[in-house]
Each structure stands twice: as structure tokens, then as C-alpha cells.
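Heads up: the protein sequence lines correspond to chains C and U, in order. Following my numbering, the numbering of the first sequence begins with 1498 at its first residue and continues without gaps. Following my numbering, the numbering of the second sequence begins with 20 at its first residue and continues without gaps. A quick write-up on the structure given underneath.
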Amino acid sequence: MAAPGGMNFFEHQAQARKKTRWLIFLFLLAVIAIMVSVDLVLLIAYGLTNADEATSSLFSSQNLIDNVGLLSGGAIASVAVIGLASLFRTVGLRSGGGKIARELGGTLVESDTRDPRRRQFRNVVEEIALASGVPVPEIYVLEQEGGINAFAAGFGADDAAIAVTRGTLETLNRDELQGVIAHEFSHILNGDMRLNIRLMGALFGILMLALIGRRILIHSHFARGSRDKNGAPIIMIAIGVMVIGYIGMFFGRWIKSAVSRQREYLADASAVQFTRNPDGIGGALKKIAVHSDASYLDADTEEVGHMLFGSGRRTSMFATHPPMEDRIARIDPGFRPEQLDDLARRMEREKNRGAKFQEDAIEKAARAGKAKPSVFDARSIIDQIGQPDWDRILVAGTLAASIPDNVRQVAHSTEWAPEVLFFTLLDAQASIREEQLLSIARVMGSDSEAQVRALLATDGLARPEQRLPLMEMALPALKRRPPDYVNKVLDTVRALIDADGRVEVFEYLLAKVIAQHLWAAMSPVSASAGGSARLSSMTKDVVRVLGVLAWHGASTQEVASTAFAAGLQAAGLDPQPLESVADWTAALDAALPKFDRLRLSDKEILVTAMIEVVLHDGSLVPTEIEMLRVVCDLIHVPLPPLIGD
Amino acid sequence: MGWITLAIILALVFFAISVYNRLVAGRNRYKNAFAQIDVQLTRRHDLIPNLVETAKGYMSHERETLEAVINARNLAVSGLKAAAKDPTDPEAMKNLSQAEQGLSGALGRLFALSEAYPDLKANENMMQLSEELTTTENKVAFSRQAYNDSVMSYNTLRESFPNNFFAGWFSFLAAELLELEDEEAREAPKVSF
């Protein structure tokens, strides 16, 4: 397919390459100019100290030859400062692309991801890798960023990583995403990362020169009294070096951003070359131009600014990216700025439609919640496992609807998910709660504590039946965070549960479920639906777990015993007396992983037995329902919400 | 005089060897490029029975279309098998081109029809399958570029003077481009969900 509209991406590429070479030449010139200027300052300063000789002959060839040592010393010194500082900086910047992406809050997208948007993202990356001949890089999503942006990081094609924001995946269609990814691949292919790291290194060197000048100035200012004779020239040299350094910085940054802008044009043209589809990248650029968050990022983008798809910050003088309108016009020669207004209106409409759809769904769930709850028995619950029928969905809807709007909204957001999780674990007793809030502040920081307090202030404590639904809302957003962060959250959860000095069965299981879900997200291999073990091989564990459950729900020993007996019968075991289980955490710890390896048919028997135990007294209180669901969750049997009395 | 003749003969032999080796390298390069396409086409063929299975539940009235897709798929599978066995056989490559074009056409009609079934379009399984089909087709398109490039440079090497004599003697056949660019077929998979 030929590129339409007279747009020739090869011409654009050639032009961008030529301009880059010219700018790099200018940059080298600037570095040389800095060296010469430093020499000049040294020479003048030297001339001033030897004022008794004729100053008029300062630039005579004789004087230059006499001072060849001084001059070459000055040149070598400034080159050494620039060289060493930039070397130091370059080494720092050379860490692999994946590391940079993680530092900016990126979460790795696994190759077997199930999420449709991530799946598509990964597919598109693999396609462009084929089209451009670059190996498939690591790919990341910046979950906390709502703007449309993307970057490639790393030193070369081998350690490259590509990251896109959540906003990119949500706003762009497949072709546009393809355009953006192709743009980033061009940065990898054309060695832009290497080029830019070198430029940044050199800039850092020039900055060091300015800083050294300033340092000497301050130093000699305080030390003036003792060495009055040499003071003047040293101050002069210092001021000179400082001014040269800052002027050099200014031009250096200016040239660097000009280089960066050229590379953006190059990457846009290459994106058209790879995808053979100017509409993809053109559409993406137009959407950024009208998107409310544009391409701005919350994270500090100094070091990857040049690699981003759109500007990470609002600047103009040192902008790393050309103006959006110019970029669009190069891709799509027929482009008129008025078209953007149309697009903005269209996107607004789509957004409203999406919001309306959500509102309707919530309203429907709330209306349906008034429906009469139906009776249940263990058998029908078993039948429901894995295929929630309408009633159960309604119950889930009602539960969700009984959670205040604002809390529900924040539970789905990445920023608030951990705090919502902590909020569900807060104790009813004020003194213990304070202890818990303190441990949140200790592990997660004071911002997190303030957020939990805000949740507490809006709605008071979460009711017991709200705890699991809230947790389920918060987990997906949490799963997308990097492993280090998840570990911190798990530590906090443990601290919250230990705060009252004793661990209840429910609390203990809740912590296990949270840990299991979060780890399953990071190592999907370990999660499984069923194994091949038989129930008969673990009778002892079954007896103990049924015992724990019986004690948990019962008010008296008699009730516990009958519940236990019913459970044994359902499990097909011989009746035996109920013993008190002293070390129940150890019992559960040992039993649950074994249960998880049961074959599916035996899992069903086990769940029936557990339901028998919990339901035996005929009433079902919220804590019992939660308990059942948590245990089932731990052995990977999805139990739908049950209807309480 | 004898020395000079011997030198000329030796030079000719060395030249023939180098041409032969370059032709072999070129042939292997396009064979390898075809292996890349082979992987993607196989994946495409594997996806289609699932797609038909999912669509069947929603569009039972469109039996003919679904059967046409399955038939076109089976034809493409056998075409691919023949071409993969010997990528240097121009006839097999041409048959594969035609079979794949037929498959794209049948799929295009299926997707066009599915526009009338919103439930099918909203089906999660269907969305996943059509995403996988889209990406596979894109990958075929991109790896086809590499294949056709290597076929072209091989054919140029083979046809240019004086290599054409050697190619004839050593029976290096002309390689066939893989054309899926049939306009209808090209547009068809663009119907996206």
C-alpha cells in the first residue's frame, strides 16, 4: 500500500536524520567553545596577576606559547570534568529499560495475560517487533497514569522496555495503539535511547563545570582574608567558569531538545513505515491533542522525557516534543485544527455514554435487590458453584449497592485500592483501631493513613457483610502494582490483623485469601482449579478443619458437636467425638494446601461437608457466609454470595 | 599457454562455486522466511474451529457461511502442508496463496454477517478470538513482507547474468511470491469487534 497524500515517510526520515547530524555537530561545537572560553578566562586571570607585564600583549603569540602549559592544562581540566561527569552519569542511566519502567511505576505485562486490553497490547507489540525486526522487548503498563503516553527505555534493543499508560489502553483503538507502539519501536531501532543518554551525560558534565565554578566562588569568598594576593584571579576564574557553564547548559539543553524533536518526527515517520497505516498514529496524536489529561504524567519524566510518545510536562522552550499540530500535519497533510473540536465532542459523547451505561447497571442492581431472597440448602449451593444464577447475582449486586458510592468508586481505583483493603480490616474497638492506623502509617506512609482515616470519616466502619465485596473490588487494582509494593501491602495486612494481639479464624483466612490472590497475579502458574489427590488420603485434615469450623460458628459445645457430626456424615466419614483444636492456625495451614490438590469431585464433597457444618444450626449469619466463601476461595472453588437470614 | 588456460578454467570453477553458494544461501533465506509465515498461518488455522464453534451458538441460521469457512480452512490447511513440505515448489506456493485468499474471503463474510448479532459481538470468547485472529493476520502480513523481500532478492540473483546459466545447470527454480493482497481479502479481516 502506498502512503497517501504525497506524504513520503522516507523523505521525512532522511530529513530528520540530516537535521540530527547537524544538531549533534552544533553540540560538539558548543563543547569546544566551552573549552576555549575556559582557556580564555584562565589567560585573562593570569594576565591580571602579572599586571606588571604588558597586558596589551595578552593574546600575542609569544604570550600564548609561554603559557602553553596553562592553556592545555585548562583545556584538559575542562574536558576531564565534562568527560568524567558524563561517564558517571551515563553509567547511571544505562541500567536496563525494565528497571527504568519499574521505577516510574510500571507493572510487567505477562505473556499469558488474560485481560483483553493487556492481551491486545502484547499482541500489538509482537506484531511491530515482526514488522521492524527488533526483538520483543519487556512491556509494562503505568497503572496510575490516566493521560495518553508511552515510552521506550533502555540502552539498546536487547535491554529495551516499552511502557504505556493506563489511559493509552483505555482511550486508543487497536490501530492507534499500533501506531504508538511502532513510534516507540522506532526509538529503539534508531538508537535514540543511546544518543540521548550520551547527550544527557555531556550536559551533566557541563553542569558540573558550572557547579565547580560556584563552589570555588563560595569557598574563596570565605577564605579571602588569608590569601588576599591570589584572591582576585581565583574569583575571576570561578565566575568565568560558572558563567560559561551556565551558558553552555542553556545552549546544550536547547540543542538537546531540538535533537529530541527531530527524533520524534523520525519516529512518527517510521511508525507509518512499519504499520503502513497513517491513520493509526495520526488518530493517536489527535486524541492526545484533545484529551483532557493530554499526555502529561504524574511521574518525574526528566530521564525518559525524550522517549515519551507525547510531552510528559508542560514546557515550551526546552520541549522534548514538537507541537502536536505540527506532528499531525506531517502525518496527515489534509489536517485542519478545526477537526480536533469535532473529535473532542465525539470523545466526550462516548465518555458520557460509558458513564450512563454504568449508572444503569448500578440502578438495575439496586432495584433487583428488593427481590425476595430465596431459601437454600447445601445441595443447591453446590450446584451454584462456578455458575452463579440470577438470585445470587442479585445478592452480589445488593451487597455492592449497599456500599456507599464514593467508597465503591475509590475501591476500583489503583490509588485507593490498598487503603480500601486496610479499611475493611479495621477493628471495632477504638484503641485497637488507633494501633492499626499507626502500623499503616509505619509501613505505607502517612498519606496512606490519611486516606484510610478519610474512608473511616465518610462511612464509619465497614459492616461485616461488606468486607468481602469491598476486598474483591480492591484486589484487581492491587494486583497490577509491582511486586515490591504488593509485599508492603501484605506486611501491612498482617500487622493489621495482629494488632489486637489475637488472631480470629476469619481474620486469619482473610489474610490468606489476600495473599493468595495477590501472589496468583504475580505467578499464575501456581494457581490451579483441581488436582488429582483423593479425600480419603487426608481424613485427619478433614476432621480437624471441620472441627475448627464447628467451633467457630457454635455458641455451645452441644451445637458444635451436632454440626460437626453432620459435617462428618456429609463427608462420608465415621462419626467421632468433637475434639477441641488448640493450634488451629497450624491445622489450617497444613490442611488447605492439601485440599487445593483434591480432584474436583472430592472438592465438591468437602465443600458440601463444610457447608453442612456451617449451616447446621439453620441460621446463617454474615460472618458464617464470609467464612465459607473465604475457605472455598482458598481451595479455588468460587462460591457465589449466599443469602443470609 | 597451457598455464593461462588452466588459470581461466580454475577461475571459472571458483566463480561457479561462489554463484552456487550464493544461490543456496538465497534459497535458504527465503525458506527460513517462509517458516516464520508457516507458524502464523498454522495458528490462524487452529483458531478458526473455535471461532466457528462460538459463532454456531448465535448464528445457527447462517449454516452455509459457517460451513464455507470450515471448508476454506481445510483447504488452506492442506495447502499449507504441501507448501511447508517444499517451499521451493512454485505450484504449491501458488495453491497456498489461493487457499488463504479463499479463507480470508469466507472469514470476511462471516464477520460481516456477525454485525447483525450483537450478542455474538459482545461474547467474551468471540472478542478474544477475533483479537487473536487480527493479531495473527497482522503477523502474517508483516512476516510476508520479509518473505517476499527474500524471494525477490533470490529471484534477482538467479535471473541476472551470468548467474542464470548456473541456475539452469544446477536447477535452481524461481521462487513464488506469497500474494494475499487480493483487495477483498485484504479488507475483510478489518471488520473488528
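Don't be surprised by glycine CBs; every beta carbon is placed ideally from N, CA and C.
Comparing the CB of residue i with every heavy atom of the ligand MN, is any distance shorter than 7 Å?
i	result
residue 1743(C)	Annotation note on the ligand MN: not contained in the displayed structure, which lists no ligands.
Which chain C residues are close to residue i, counting only those with a beta carbon under 8 Å from its beta carbon?
i	result
residue 147(U)	1613, 1616
residue 61(U)	In chain order: nothing, as chain C lies at least about 15 Å away.
Terminal residues of the continuous beta strand (DSSP E) containing residue i?
i	result
residue 1636(C)	1635-1639
residue 2075(C)	Looking at the DSSP string, residue 2075(C) is not in any beta strand (DSSP E), and its letter there is neither H nor E.
residue 176(U)	Residue 176(U) -> not in any beta strand (DSSP E); alpha helix (DSSP H) instead, spanning 143-178.
residue 2134(C)	Premise fails: residue 2134(C) is in no beta strand (DSSP E) and is neither H nor E.
residue 1661(C)	1658-1662
residue 2032(C)	Run containing residue 2032(C): none; DSSP gives neither H nor E here.
residue 1603(C)	1603-1605
For residue i, go through chain U and note every residue whose CB falls closer than 7 Å to its CB, in chain order.
i	result
residue 1628(C)	161
Can you tell me whether residue i is helix, strand or coil according to DSSP?
i	result
residue 1631(C)	coil
residue 2064(C)	helix
residue 1699(C)	helix
residue 135(U)	coil
residue 24(U)	helix
residue 184(U)	helix
residue 2015(C)	helix
residue 1923(C)	coil
residue 76(U)	coil
residue 1652(C)	coil
residue 107(U)	coil
residue 192(U)	coil
residue 1817(C)	coil
residue 1610(C)	coil
residue 1959(C)	coil
Check the Cβ of residue i against every Cβ in chain C and list those closer than 9 Å, keeping chain order.
i	result
residue 69(U)	Result: empty, since nearest Cβ-Cβ is about 15 Å, beyond 9 Å.
residue 150(U)	1613, 1616, 1617, 1620, 1671
Mind listing the chain U neighbours of residue i? Cutoff is C-beta to C-beta under 8 Å, in chain order.
i	result
residue 1623(C)	154, 158
Tell me, to the nearest whole angstrom, how far the beta carbon of residue i is from that of residue j; I am working on the premise that it is less than 8 Å.
i	j	result
residue 1738(C)	residue 1709(C)	7 Å
residue 1933(C)	residue 1924(C)	6 Å
residue 1531(C)	residue 1745(C)	5 Å
residue 1682(C)	residue 1636(C)	Between residue 1636(C) and residue 1682(C) the Cβ distance is about 12 Å, and since that is not below 8 Å, they are no contact.
residue 1717(C)	residue 1699(C)	No, residue 1717(C) and residue 1699(C) are not in contact; Cβ-Cβ is about 28 Å, not under 8 Å.
residue 1688(C)	residue 1583(C)	Going by Cβ atoms, the distance from residue 1688(C) to residue 1583(C) rounds to 17 Å, so no, they are not a contact pair.
residue 2040(C)	residue 2066(C)	The Cβ separation is near 13 Å, so there is no contact.
residue 1696(C)	residue 1524(C)	7 Å
residue 1520(C)	residue 1752(C)	6 Å
By Cβ distance, which residues of its chain are closer than 6 Å to residue i, with the 5 residues on each side in sequence left out?
i	result
residue 1578(C)	1705, 1706
residue 208(U)	Unreliable placement is indicated for residue 208(U), whose pLDDT of 46 sits below 50; no coordinate value is reported for it.
residue 129(U)	84, 88
residue 1628(C)	1771
residue 1685(C)	1631, 1649, 1654, 1657
residue 125(U)	87, 88, 91
residue 1678(C)	1621, 1622, 1625
Enumerate in chain order the residues of its own chain whose CB-to-CB distance from residue i is below 7 Å, with the five nearest sequence positions on each side excluded.
i	result
residue 81(U)	132
residue 41(U)	176
residue 1826(C)	1832
residue 2044(C)	2061, 2075, 2076, 2078
residue 122(U)	91, 92, 95
residue 114(U)	98, 101
residue 1633(C)	1622, 1623, 1626
residue 59(U)	155, 158, 159, 162
Quick check on the DSSP output: the alpha helix (DSSP H) that includes residue i runs from which residue to which?
i	result
residue 99(U)	82-104
residue 197(U)	From DSSP, residue 197(U) is part of no alpha helix (DSSP H); its letter is neither H nor E.
residue 1779(C)	1775-1787
residue 1982(C)	1980-1995
residue 1685(C)	1671-1686
residue 1808(C)	Element bounds for residue 1808(C): n/a, residue is neither H nor E.
residue 1597(C)	1594-1600
residue 2105(C)	2097-2112
Leaving aside the five residues before and after residue i along the sequence, list all residues of the same chain whose C-beta is less than 8 Å from its C-beta, in chain order.
i	result
residue 1638(C)	1603, 1604, 1606, 1615, 1618, 1660, 1661, 1662, 1663, 1666, 1977
residue 1543(C)	1564, 1567, 1730
residue 1991(C)	2008
If we cut at 8 Å on Cβ distances, does residue i have a partner in chain A?
i	result
residue 1710(C)	Given the protein chain composition of this structure (C and U), no chain A is represented.
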